[in-house]
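Okay, so here's the structure we're looking at.
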C-alpha cells in the first residue's frame, strides 16, 4: 500500500528496566532502523529508569543518524513497575498532541523488531477500520539450557496456532506487551491509561487487590469492555530475548506459570461477566474453557493412577501408550506453525498440560499472590494480621475441598467409588 496506507504518525513506546546492555543495544538499534524504514513521522518514546540506558540510547541514535522524520524522546521513571512506565509514556504521547490517524506501538525492552515489521503491519489499521489494536507472532532467543529453548519454542508454536484461530473472530486472548499496536484514540483515552496504570479486581473472598503484572491483560480487557475489535497478524514477527528466572527448569517454569496463569485467571472472570453478546460467543467460550480445562486436563492422569491402584499396572501402561501417541500427533500438528519441532515436544506438551493445570488450580484459590520476577517485587497480604491468616486458611481449605471433590468425582465416574450405594433401590 506504500505510504498512503500508513498511519499519519507512529509512536514507538519502548519500556526498559534491568535489561542488559547487549539486549538494549539490539532493541533500540532495531527500533531506530525500523522507524527509518517506515517513511512516515515516527517518534520513539524511551521510558527508562537508569541514566546509563539513556546515554546508551542517545549514542545509538546519534551513531545511526536516522532521517528527519524520526525523533527521539526520553521519559525517566522511578522503577516502580512497567504499568507506571507505560502510563507515563502514554501521557507523554498525549501531551505531544498526536494528529488524527496516528498509532501507538508498545514495545517491550527485550523485543527486537524484525526488518519491515512496521511497514507490513501498520497498514492493517486502514485495511481493517473496525479494529482498535493488533498483535503479532513471536520467536525467541533463549538464554539458558536446551530444555528452556525447546519449552519456549513449543509454547510460541502453540500460541501461533491458537491466536490464528482467535484472530478470525476479530478478537484475541491477549495483547502481548512484547509488541502490540493501538489506535491513538484508544491509547490516549484517559480511562485506558488509568486502567493500565492501576488495574484492580474485587473478589468475593479476597477483597480488592491491585494487579502487579499483566498490563497486556488490562489493555485487552479495556478494549473488550468497550466493544472494540482486535486482530492478529501471523506473518509479522518480532524476536524476544528470554532469560529464565532460575537455572532449574522446574523452579523457573513454576515461577513463570504462576505469573502467566495468575494474570489469566485474574482477568477472565470479569471477561466472562461481559457475556457472549458483548465479546462474541467464540471468545466467551474460549475464556470459559480456560477455567474448566485446568480440571479436565488432569482427569486423565488422575484416572490412570486410580485405575492402577485398583486394578494393577496395566492401566498405567495403556495410559502411557495413549499419551505417547496423542502427544506425538500434537507435536506433528505444530509443524503447521513452525518449520521444525524437537523430540522433547511430546514430553513438554504433557508437562505443560498436567503440571500447568496443577499450578492453575493452586493459583485459582490465591489470586492475590503476585510476583514480578525481573523486578523481584511481590504483592501479598501481611500474614501477621488476623485477616490475612483467615484468608490464607480459607484458601487452603477451599483448595483441599475442591481437590477432594475432584477425586471423588473421578472415582465415582470410574466406578471405583460408590457414594450412593447405601441408598435403597426404588
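Residue numbers (the numbering used here): 6 to 431. Backbone N, C-alpha and C fix where the C-beta goes; we use that ideal spot for every residue, glycine too.
Spanning the alpha carbons of residue 25 and residue 223 requires a straight line of approximately 27 Å. Per DSSP, reduced to three states, the secondary structure at residue 366 is helical. The beta carbon of residue 207 lies closer than 8 Å to those of 213 in the same chain, with the five residues before and after it left out.
A direct Cα-Cα distance of roughly 31 Å separates residue 168 from residue 85. With a minimum length of 3 residues, the unbroken runs of beta strand (DSSP E) contained wholly in the segment 128 to 165 fall at 136 to 147.
As computed with DSSP, residue 237 is found in a beta bridge with 140. Using a Cβ distance threshold of 9 Å, residue 36 and residue 108 do not count as a contacting pair.
In its chain, beyond the 5 residues on either side, 49 and 66 have a beta carbon closer than 6 Å to the beta carbon of residue 77.
For the pair residue 229 and residue 133, the Cα-to-Cα distance works out to about 17 Å. A distance below 9 Å separates the beta carbons of residue 367 and residue 404. Here residue 225 is buried, its C-beta having at least 16 other C-beta atoms within 10 Å. Here residue 254 carries a helix assignment [DSSP, helix/strand/coil]. Under the DSSP assignment, residue 334 falls in the alpha helix (DSSP H) whose first and last residues are 319 to 338. Rounded to whole angstroms, the Cβ separation of residue 424 and residue 413 is 7 Å, and the two are in contact under 8 Å. If you draw a straight line from the Cα of residue 138 to the Cα of residue 309, it is about 44 Å long.
A Cβ-Cβ separation of about 4 Å places residue 92 in contact with residue 202 under the 8 Å criterion.
Assigned with DSSP and collapsed to three states, residue 205 falls in strand. With at least 16 other beta carbons inside 10 angstroms of its own, residue 165 counts as buried. Assignment of beta-bridge partners to residue 247 by DSSP yields 147. Beta bridge pairing from DSSP links residue 16 with 48 and 109.
Here DSSP, grouped into helix, strand and coil, assigns residue 303 to coil. Looking at the DSSP output, residue 186 bridges to 110 and 139. Shown here for residue 83: same chain residues with a beta carbon closer than 8 Å to its own, the five before and five after excluded, namely 54 and 89 in chain order. Collapsing the DSSP output to three states places residue 193 in coil. In this structure, the alpha-carbon of residue 249 lies about 8 Å from that of residue 153.
Residue 273 counts as buried, since no fewer than 16 other beta carbons sit within 10 angstroms of its beta carbon. A check of alpha carbon separations from residue 32 across 181, 131 and 118 identifies 118 as the nearest.
By the CB criterion at 9 Å, residue 151 and residue 247 fall outside the cutoff.
For the pair residue 123 and residue 40, the CB atoms are nearer than the 9 Å cut-off. In the DSSP assignment, residue 116 falls within the unbroken beta strand (DSSP E) covering 116 to 118.
The shortest CA-to-CA distance from residue 18 to any of 160, 143 and 184 is the one to 184. Excluding its 5 nearest sequence neighbours in each direction, residue 34 has C-beta neighbours in its own chain below 8 Å: 65 and 69, listed in chain order. In the structure shown, residue 82 adopts coil according to DSSP, grouped into three states.
In the DSSP assignment, residue 34 falls within the unbroken alpha helix (DSSP H) covering 26 to 43. DSSP, read as helix, strand or coil, puts residue 274 in helix. Exclusion of the five residues before and after residue 289 leaves 281 as the residues of its chain whose Cβ lies within less than 6 Å of its Cβ.
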